[in-house]
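S.K.: From first to last, the protein sequence lines stand for chains X and D.
Residue numbering for the first sequence follows this note's numbering, beginning at 192 and increasing consecutively.
Residue numbering for the second sequence follows this note's numbering, beginning at 94 and increasing consecutively.
For each residue, glycine too, the CB sits at the ideal point set by N, CA and C.
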Amino acid sequence: MASVGQAQDSLLTYKKKVLENTEVDMLMSYYEQTGTHAAVSGGIGNEALTNYTPTIVVKMPLSADEVLTADVGISAYTSASSSNGNPFNKTGASGGGYNDDDDDDDDDGDYTNGANTAPSGSPWVASSGASYKDVLTSIALNYARSSEDRNTIWNTRLSTSFEYDYESFGIGAGVSKLLADKNAELSLKAQVYLDRWKPITPTEIHEFLQFGDTFLTNDRSYFWNVSVIDAQGVPSTAYRPLAVDYDRVDRNTYSASFLFSQILSSFAQVALFADFVQQEGLLSNPLQRVYFSDRPNYFIGEANQIPFYDTTQNTAVFQLADDVERLPNSRTKIPVGARLHLYLSERLVVRSYFRHYWDDWGISSNTLQLELPIKLGLNWKITPTYRFYNQTAADYFAPFDQHLSTQSFYTSDYDLSAFDSRQWGLGVSYTDLFTAKRIWKAGLKSADIRYQRYSRSDGLRASIVSTAIKFILD
Amino acid sequence: MIKKLMFILLLGCITQGCATIKAYEKININDPDMELNAYICERFETTFQVYREAAAGANGGKLGGGCGCN
Chain X
192 MASVGQAQDS LLTYKKKVLE NTEVDMLMSY YEQTGTHAAV SGGIGNEALT
242 NYTPTIVVKM PLSADEVLTA DVGISAYTSA SSSNGNPFNK TGASGGGYND
292 DDDDDDDDGD YTNGANTAPS GSPWVASSGA SYKDVLTSIA LNYARSSEDR
342 NTIWNTRLST SFEYDYESFG IGAGVSKLLA DKNAELSLKA QVYLDRWKPI
392 TPTEIHEFLQ FGDTFLTNDR SYFWNVSVID AQGVPSTAYR PLAVDYDRVD
442 RNTYSASFLF SQILSSFAQV ALFADFVQQE GLLSNPLQRV YFSDRPNYFI
492 GEANQIPFYD TTQNTAVFQL ADDVERLPNS RTKIPVGARL HLYLSERLVV
542 RSYFRHYWDD WGISSNTLQL ELPIKLGLNW KITPTYRFYN QTAADYFAPF
592 DQHLSTQSFY TSDYDLSAFD SRQWGLGVSY TDLFTAKRIW KAGLKSADIR
642 YQRYSRSDGL RASIVSTAIK FILD
Chain D
94 MIKKLMFILL LGCITQGCAT IKAYEKININ DPDMELNAYI CERFETTFQV
144 YREAAAGANG GKLGGGCGCN
């Protein structure tokens, strides 16, 4: 009788772990893009950009009920657009501009010190300045705890990220409830990001904010001894941007997320998503220039290239900004989406996703994505994908040099313009449920590689290759 | 019009198909490709889409915070 009682006790105390072993995902992507609507130069210019993102995600069982996930990654990017925060190849103090002699010492037809010593730049040429590249580092910790019956999961999340001009701190919590014998799931989540800009403005705006009306003649200014020319190429000291300094640099995001999923049959299930997002603070990008059509234009560089300023023939003249992007200090976003997955056969699944998005800046959009994972035997799978997206323009968007100085809000960032995009690609996956291939105590569970090509109707083109390798640790 | 049709189709699927499937009948539902979330590789695609498009959210990814993105 005692031995039966002991056997019953051991059966009662057994509980399957939520996560049996530590899992490690090693992720990497390489992204590159080209385009002709650089936001830093007011909606025209070189948008070439590359981005590497090595990332590691480690999921560790803390107990039978608890899982801790650590997600650490960096994003190392180079950007021709960002580089033109300071597009000039030299300062005025380093030898640009005009000398005081009456003689043309080098017989080149102008009275500068040496051949073409004035600073110059172009929205079509990447500058070698410090803002040409940067690294974003992100760290997130997620703690999840399941109830005894595994029908309720609580989770909490902490995150931080930082780059040269931006830092973020995030905190969130959520609860998921499995219903109807685990045939349905209801999840609620709340997330707060408390972010902060360290504003970097374009050089001419920065110097104006620092030195005021004397910024062209102050000997400590970047533009001291630099000739500013008007649209006819005549030297002028009349250039004055309308810029004012920022009264707040915080950027906060508050969100509530809702998920409901339901198994429809033995071969179909659906999920509905809805978010409510409220953003407040400095929501514009301090580095992005804006030009007004009702104000005269001023340039630095070679006057003979002004007539074709907005073409790639321009390599040596840059138009000085009238201001930087100004957007409202609040934004409400409501995306709703749905997934429908169908198991057609042991070789083919259809994964579909649809989203409608609305915000109070005048933007509405639709997203449709299809993926067809096709199994080729026990271990291999290919997944062709297609995604279509369209959006309307923000109320505050206008192309290069088409805003008016009387407007309160303005942007020439084509990410907020009206466009549609298409994305297609292919993924290849290898899976080994038994982790036969091992490196020391780590068994290879899966390896994925995925290529996507992205094409936007305003001419932006991008490609991305992503890889993911999952190991299971003993 | 398309949005209304999709909503009706979705509602029909949900209301008509709210069956209770036993655990032993879930062999197809438990296929990894049937999971109702994005593949892990898609996180990088979602990130660049958040930067290059105005819309974000309703997919388990970024909602607009944590970066100087749209």
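Quick check on the burial criterion: 16 or more other C-beta atoms within 10 angstroms. Buried or exposed for Arg145(D)?
M.R.: Taking the second sequence and counting its residues from 1, one reaches residue 145(D) at position 52. With 16 or more other CB atoms across the displayed protein chains lying within 10 angstroms of its CB, Arg145(D) is buried.
S.K.: Using CA atoms only, rank isn't needed, just tell me which of Asp514(X), Gln560(X), Lys636(X) and Leu210(X) is closest to Tyr621(X).
M.R.: Counting from 1 along the first sequence, the entry for residue 621(X) is found at position 430. The shortest Cα separation from Tyr621(X) among Asp514(X), Gln560(X), Lys636(X) and Leu210(X) belongs to Lys636(X).
S.K.: Within the 8 Å Cβ cut-off, does Gly157(D) reach chain X?
M.R.: Locating residue 157(D) in the second sequence gives position 64, where the first residue counts as 1. Chain X contact via Cβ: present.
S.K.: How should Gly568(X) be labelled, buried or exposed, when 16 other C-beta atoms within 10 angstroms of its C-beta is the threshold for buried?
M.R.: Sequence index remark: in the first sequence, residue 568(X) carries index 377 (1-based). With fewer than 16 other Cβ atoms within 10 Å, it is exposed.
S.K.: Can you list, in chain order, the residues of its chain with a C-beta nearer than 6 Å to that of His547(X)? Leave out the 5 residues immediately preceding and following it.
M.R.: Translated into the one-based positions of the first sequence, residue 547(X) becomes position 356. If we look at His547(X) and ignore the five residues flanking it on each side, its Cβ neighbours are Val527 and Asn557.
S.K.: Do you know how far the Cα of Ala230(X) is from the Cα of Asp216(X)?
M.R.: Counting from 1 along the first sequence, the entry for residue 216(X) is found at position 25. Counting from 1 along the first sequence, the entry for residue 230(X) is found at position 39. Going by the C-alpha atoms only, they are around 35 Å apart.
S.K.: Kindly indicate which three-state DSSP category Ile663(X) falls into: helix, strand or coil?
M.R.: As a first step, residue 663(X) must be located in the first sequence, where it is residue number 472. Note: Ile663(X) maps to strand in three-state DSSP.
S.K.: Please list, in chain order, the residues of the stretch 254-270 of chain X that have any C-beta partner in chain D closer than 9 Å.
M.R.: Ser266
S.K.: Compute the Euclidean distance between the alpha carbons of Ala462(X) and Pro477(X), then round it to the nearest angstrom.
M.R.: Counted from its first residue, the first sequence places residue 462(X) at position 271. Counted from its first residue, the first sequence places residue 477(X) at position 286. Whole-angstrom Cα-Cα distance: 38 Å.
S.K.: With a threshold of 6 Å on Cβ separation, who are the neighbours of Asp592(X) within its own chain once the five nearest residues in sequence on each side are excluded?
M.R.: Taking the first residue of the first sequence as 1, we reach residue 592(X) at position 401. Hits under 6 Å: Tyr482 and Ser484.
S.K.: At a Cβ threshold of 8 Å, is Ala638(X) touching chain D?
M.R.: On the first sequence, residue 638(X) is found 447 positions in, with the first residue counted as 1. Taking Cβ atoms only, chain D never reaches closer than 8 Å to Ala638(X), which makes this a no.
S.K.: Which residue comes first and which comes last in the beta strand (DSSP E) that contains Tyr548(X)?
M.R.: The sequence position of residue 548(X) within the first sequence is 357, counting from 1. Val540 to Asp550 is the span of the beta strand (DSSP E), which, as asked, contains Tyr548(X).
S.K.: Quick check: is the beta carbon of Gly161(D) nearer than 8 Å to any beta carbon in chain X?
M.R.: Counted from its first residue, the second sequence places residue 161(D) at position 68. Chain X contact via Cβ: present.
S.K.: Under a CB-based cut-off of 8 Å, is Gly201(D) close to chain X?
M.R.: Residue 201(D) falls outside the range modelled here, since chain D spans only 94 to 163, and no answer is possible.
S.K.: What's the gap between the Cα of Lys373(X) and the Cα of Asn342(X)?
M.R.: Counting from one through the first sequence, the residue named residue 373(X) turns up at place 182. Counting from one through the first sequence, the residue named residue 342(X) turns up at place 151. Rounded to the nearest whole angstrom, the CA to CA distance from Lys373(X) to Asn342(X) is 7 Å.
S.K.: In its own chain, which residues sit with a C-beta less than 6 Å from the C-beta of Asp301(X), not counting the 5 before and 5 after it?
M.R.: Counting from one through the first sequence, the residue named residue 301(X) turns up at place 110. Because Asp301(X) sits at a pLDDT of 45, beneath the cut-off of 50, its placement in the model cannot be relied upon, and the following sentence gives the value as read from the coordinates. Same-chain partners within the cutoff: there are none.
S.K.: For Asp292(X) and Asp514(X), what's the separation of their Cα atoms in angstroms?
M.R.: Within the first sequence, residue 292(X) is the residue found at index 101, counting from 1. Within the first sequence, residue 514(X) is the residue found at index 323, counting from 1. Bear in mind that a pLDDT of 42 at Asp292(X), under 50, signals an unreliable position, so the number given afterwards is only what the model happens to contain. Our two residues, Asp292(X) and Asp514(X), have alpha carbons roughly 35 Å apart in a direct line.
S.K.: Can you say whether Gln197(X) is buried or exposed, counting buried as having 16 or more other CB atoms within 10 angstroms of its CB?
M.R.: Looking up residue 197(X) in the first sequence gives position 6. Because Gln197(X) carries a pLDDT of 48, less than 50, the predicted location of this residue cannot be relied on, and the following value inherits that uncertainty. Exposed, since its Cβ has fewer than 16 Cβ neighbours within 10 Å.
S.K.: For Thr523(X), tell me which candidate among Lys324(X), Asp340(X) and Gly472(X) has the shortest Cα-Cα distance.
M.R.: Counting from one through the first sequence, the residue named residue 523(X) turns up at place 332. Among Lys324(X), Asp340(X) and Gly472(X), the Cα nearest to that of Thr523(X) belongs to Gly472(X).
S.K.: If we count the other Cβ atoms within 10 Å of its Cβ and call it buried at 16 or more, is Thr140(D) buried or exposed?
M.R.: For the purposes of this step, residue 140(D) is taken as residue 47 along the second sequence, with counting starting at 1. The residue in question, Thr140(D), is buried, as its Cβ has 16 or more Cβ neighbours within 10 Å.
S.K.: Return the CA-CA distance between Gln598(X) and Asp649(X), expressed in angstroms with no decimal places.
M.R.: Looking up residue 598(X) in the first sequence gives position 407. Looking up residue 649(X) in the first sequence gives position 458. Distance between the alpha carbons of Gln598(X) and Asp649(X) is about 25 Å.
S.K.: Give the residues of chain D in contact with Trp388(X), contact being defined as C-beta atoms less than 9 Å apart.
M.R.: Looking up residue 388(X) in the first sequence gives position 197. Ordered by position in chain D, the residues that pass the 9 Å Cβ test against Trp388(X) are Gly161.
S.K.: Taking all protein chains shown into account, do 16 or more other C-beta atoms lie within 10 angstroms of the C-beta of Tyr117(D), making it buried, or fewer, making it exposed?
M.R.: In the second sequence, counting from the first residue as 1, residue 117(D) sits at position 24. Taking every protein chain shown into account, the CB of Tyr117(D) has fewer than 16 other CB atoms within 10 angstroms, so this residue is exposed.
S.K.: In or out: Ser338(X) buried (at least 16 other Cβ within 10 Å) or exposed?
M.R.: Residue mapping note: residue 338(X) aligns to position 147 of the first sequence, counting from 1. With fewer than 16 other Cβ atoms within 10 Å, it is exposed.
S.K.: Can you check whether the C-beta of Gly528(X) is within less than 8 Å of a C-beta belonging to chain D?
M.R.: On the first sequence, residue 528(X) is found 337 positions in, with the first residue counted as 1. Yes, its Cβ sits closer than 8 Å to a Cβ of chain D.
S.K.: Could you check which residue in Thr246(X), Ala267(X), Gly320(X) and Leu259(X) has the C-alpha nearest to that of Asn275(X)?
M.R.: The sequence position of residue 275(X) within the first sequence is 84, counting from 1. Nearest C-alpha to Asn275(X): Gly320(X).
S.K.: I'd like to confirm the pairing. Which residues does DSSP put opposite Trp571(X) in its beta bridges?
M.R.: Position 380 of the first sequence holds residue 571(X). Answer by DSSP bridge pairing, in chain order: Leu567(X) and Tyr621(X).
S.K.: For chain X, find out if any of its Cβ atoms is closer than 8 Å to the Cβ of Thr113(D); answer yes or no.
M.R.: Against the second sequence, residue 113(D) aligns to sequence position 20. Closer than 8 Å to some Cβ of chain X, the Cβ of Thr113(D) qualifies, so yes.
S.K.: Mind checking who Pro426(X) pairs with in its DSSP beta bridge?
M.R.: Reading the first sequence from its first residue, position 235 is the one you call residue 426(X). According to DSSP, which records beta bridges pairwise, Pro426(X) is partnered with Ile420(X).
S.K.: What first and last residue would you give for the beta strand (DSSP E) that runs through Ile133(D)?
M.R.: The residue labelled residue 133(D) in the question sits at position 40 within the second sequence. Careful: Ile133(D) lies outside any beta strand (DSSP E) and carries neither H nor E.
S.K.: Taking the alpha carbon of Asp256(X) as the point to measure from, which residue in Ser270(X), Ile247(X), Thr213(X) and Val209(X) has its own alpha carbon closest?
M.R.: Counted from its first residue, the first sequence places residue 256(X) at position 65. Distance from the Cα of Asp256(X) is smallest, within the candidate group Ser270(X), Ile247(X), Thr213(X) and Val209(X), for Val209(X).
S.K.: Can you tell which of Asp438(X), Ser452(X), Arg442(X) and Arg486(X) has its C-alpha closest to the C-alpha of Asp421(X)?
M.R.: In the first sequence, residue 421(X) corresponds to position 230, counting from 1. Selected option, being the one with the closest Cα: Arg486(X).
S.K.: Please confirm if the stretch 444-456 of chain X is in contact with the stretch 370-384 of chain X, defined as three or more CB-CB distances below 8 Å between the two stretches.
M.R.: Taking a cut-off of 8 Å on C-beta distances, the stretch 444-456 of chain X touches the stretch 370-384 of chain X, as three or more cross pairs fall below it.
S.K.: So what does DSSP say about Ile525(X), is it helix, strand or coil?
M.R.: Taking the first residue of the first sequence as position 1, residue 525(X) is located at position 334. In the structure shown, the three-state DSSP call for Ile525(X) is strand.
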